[in-house]
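Quick note, the sequence shown lines up with residues 600 to 1185 if you use my numbering.
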Amino acid sequence: MEQLLTVKFNGVVEVQVPKGTTILEAARKAGITIPTLCYLKDINAIGACRICVVEVQGARGLCAACVYPIDRDNTEVFTHTPKVVAYRKKTLELLLSDHNCSCLSCVRSGNCELQELCKEYGVTNQDAFAGAKNPSEIDESAAHMVRDNSKCILCRRCVAACEKFQGIGVIGANNRGFKTNIGSAFEMDLADTACVCCGQCIAVCPVGALYEKSNIDDIFKAIADPDKYVVVQTAPAVRAGLAEEFGKPIGTNAQGKMVAALRRLGFDKVFDTNFGADLTIMEEASEFLDRVQNGGKLPLITSCSPGWVKFCEHYYPEFTENLSSCKSPQQMQGAITKSYFAEKMGIDPKKIVSVSVMPCTAKKFEIGRDDQCGAGLPDMDYTMTTRELARMIKRAGIRWDDLPEEDFDHPLGSGTGAAVIFGATGGVMEAALRSAVEWLTGETLPRPDFVDVRGVEGIKEATYHVAGMDVNICVASGLANVRKVLDMVKSGEKNYHFIEFMACPGGCVNGGGQPQVHASVRNFVDIRALRAKVLYDLDEANTIRKSHENPDIIELYDKYLGKPGSHKAHELLHTTYVKRVVHKKF
Ligand code: SF4
Ligand code: SF4
Ligand code: SF4
């Protein structure tokens, strides 16, 4: 039986925890939050920032709670003695001594872990340790993000996310001592590395040192231009995160208010990327059947996640032929907007400005890829993250709480339950199976649920017996897990027919463009599961749960595309890949 030890906090609260539990975790159980900056559960327990120090009876000096394991019964811990508080305050003052304190205009102001701690600890003098500052340059080279080291606190959370979640490691610490800075190896520009633009480093950064490249000024300008017809589409996962930016609990469904806000921002049409997701399933499920029936390259691997696609091109170029030739739902929707929709509405496609709201920063790279101009024009003009949309809403003075719930516009605003689950790991696979199985068997599924592929585990697999054949499938999210799967496929240890990969751990609900959640919450709450539940609830509530039953998709094929995989569908909805180089890692 597991050995339980008693820990007493502040001479009052006792909890029992398994041997080896850290003081930080035990304190949480006792209802006490110990502040942290560098600690990130599972990936960055380095005890470096010293903000989490506490007094432990019998121990010499102050102890870092994030790495101090409880190993004896009746351990007494004091979490906020005057000594502890003074130490934390001094640590914050030291951090500010080499910090560009431009809170007034900082992208993280109001949601910055450093700013919040300074307020909590009454740090009023940012020049308490005034002196020379470490010189730094802003790296704006990449398509998706900016690094401003004048605000970096050297916590290394970004480094851990890149290395441990994503198995990539294109960023790390350069130089030593006072000159230490975080960046790419040999101080290269990020754009020159094999960064895949996933934005997981941004998602975990506690301060304003990393942020997405923003297009919101351009989008406001386009909306104000009477000669432009500005269309917006929103990805499934955005509705599962956006409300957090307005103080709502993680796991709030923002769909109706989000649509109302976009309309009030002045977009001419508010469409749903769920339509593009249903279209993706039509093309991808038929591509899968075609490869199975006609001896094509297997396993077929999904191509919706641009971070994963770039990863494949850099690190596993031998698998680019396995990638589905389908564009992502965003790009398909963009191509259809500037072709079918433009023709249907009698609008000159050159006047259309196509904007997307995505949980993803890699989309900013994707829209500039080659072979993403289905209608002879770029499929997409601008893409913004969930966070940027929140900024637009706030800048426009739109009061979130007063917004009504509204519906998307048609015809590109209709989506099925299959489409909305694209935002969670396993969702694309489940959606594809709902259509592929019915097409293969010619029978209607009694229930369209494939629960084996649900849940936040990094790697899931299942075998389904369909029309006389065993179909082996695999789902993985987080590129470190993707690496493991690809290595097993390469070595012959695993034999799959169909694989879904998502770059971000847990899928798009946890994308690099989603609201940033402070470590004090994300270390203890599974934000991936809470946000995914929003999508599965929407799926369950939808009367149409299979992509091939979406009436607007059926009409699109009847009137315009012909059938999945047709010449026209290929022209508009499919793409090609390239092989990219990898630079030396740290
Ligand atoms: S990173 Fe935080 S403390 Fe620094 S300027 Fe931005 S909001 Fe202020
Ligand atoms: S965007 Fe992704 S790959 Fe690039 S540095 Fe950040 S975590 Fe690493
Ligand atoms: S960029 Fe952000 S996450 Fe990375 S070390 Fe600096 S403060 Fe920490």
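Think of the CB as a built atom: it goes at the ideal place given N, C-alpha and C, for glycine as much as any other residue. All of these numbers come straight from a predicted model, not from anything done at the bench.
query	result
Classification of Thr-1175 by the beta-carbon crowding that lies within 10 angstroms, buried from 16 upward	exposed
By C-beta, the residues closer than 7 Å to any heavy atom of ligand 1, given in chain order	His-698, Asn-699, Cys-700, Ser-701, Cys-702, Cys-705, Arg-707, Ser-708, Cys-711, Leu-713, Gln-714, Cys-717, Lys-750, Val-806, Gly-807 and Ala-808
Distance between beta carbons of Ser-1146 and Gly-1106, contact taken as under 8 Å	Not quite, the Cβ-Cβ distance comes to about 18 Å (not below 8 Å), so this is no contact.
As assigned by DSSP and simplified to three states, the class of Asn-569	Only positions 600 to 1185 of the chain appear in the structure, and residue 569 is not among them; the question remains open.
Short Cβ contact (9 Å threshold) for His-1096 with Val-803	no
Span separating the alpha-carbon of Cys-579 from that of Gln-602	No answer is possible for residue 579: it lies beyond the span of the chain, which begins at 600 and ends at 1185.
The alpha helix (DSSP H) enclosing Cys-1193, as first and last residue numbers	What is shown of the chain runs 600 to 1185, which leaves residue 1193 out entirely.
Short Cβ contact (9 Å threshold) for Gly-967 with Ala-742	yes
8 Å CB neighbourhood of His-1173 in its chain, flanking five on each side removed	Glu-882, Ser-924, Cys-925 and Lys-926
CA nearest to the CA of Glu-1056, picked from Gln-725, Gly-730 and Phe-764	Phe-764
Euclidean distance between Cα positions of Asp-1051 and Cys-1103	19 Å
Heavy atom of ligand 3 within 8 Å of Leu-753 beta-carbon	yes
Extent of the continuous alpha helix (DSSP H) to which Asn-733 belongs	Looking at the DSSP string, Asn-733 is not in any alpha helix (DSSP H), and its letter there is neither H nor E.
CB of Val-1133 within 9 Å of CB of Ala-839, strictly	yes
For Ser-783, three-class secondary structure by DSSP	strand
The segment 1126-1145 contacting the segment 1026-1046, beta-carbon criterion three pairs below 8 Å	yes
Whether Ile-900 touches Ile-1098 by CB criterion (9 Å)	yes
Simplified DSSP state of Cys-800, which is helix, strand or coil	helix
Ile-1152 versus His-1009: straight-line alpha-carbon distance, rounded	11 Å
Val-837 in three-state terms, based on DSSP	helix
Presumed contact (8 Å Cβ cut-off) between Asn-873 and Pro-835, rounded CB distance	6 Å
Cβ pair Leu-1002, Gly-850 closer than 9 Å	no
Three CB pairs or more closer than 8 Å across the segment 755-770 and the segment 698-716	no
Ile-951 - DSSP class collapsed to helix/strand/coil	strand
Three-state class that DSSP yields for Val-1124 in the structure shown	coil
Same chain, Cβ closer than 7 Å to Cys-651, neighbours up to 5 away in sequence not counted	Leu-623, Ile-633, Pro-634, Thr-635, Tyr-638, Ala-663, Ala-664 and Cys-665
Closest by C-alpha distance to Met-983, when choosing among Ala-974, Ala-1140, Gly-996 and Pro-958	Pro-958
For Met-597, the three-state DSSP class (helix, strand or coil)	The structure shown has nothing for residue 597, since the chain only spans 600 to 1185.
Neighbour-count burial assignment, Lys-1162, 16 or more Cβ in a 10 Å radius	exposed
Close-in-space but distant-in-sequence residues of the same chain around Glu-886 (CB under 6 Å, 5 per side omitted)	Ser-923
Beta-carbon separation (whole angstroms), Val-952 vs Asp-980, contact threshold 8 Å	5 Å
Heavy atom of ligand 2 within 8 Å of Gly-1077 beta-carbon	no
Cβ-Cβ separation, Val-769 to Ala-793 (assumed contact under 8 Å), whole Å	6 Å
At least three beta-carbon pairs within less than 8 Å, the segment 719-736 to the segment 686-699	yes
DSSP three-state assignment for Phe-1185, whether helix, strand or coil	Here Phe-1185 scores only 47 on pLDDT, less than 50, and its place in the model should not be relied on; the value that follows carries that caveat. In the structure shown, Phe-1185 sits in coil (DSSP, three-state: anything other than H, G, I, E or B).
Spatial neighbours of Pro-916 in its chain, beta-carbon cut-off 8 Å, leaving aside the 5 residues before and after	Lys-1178 and Arg-1179
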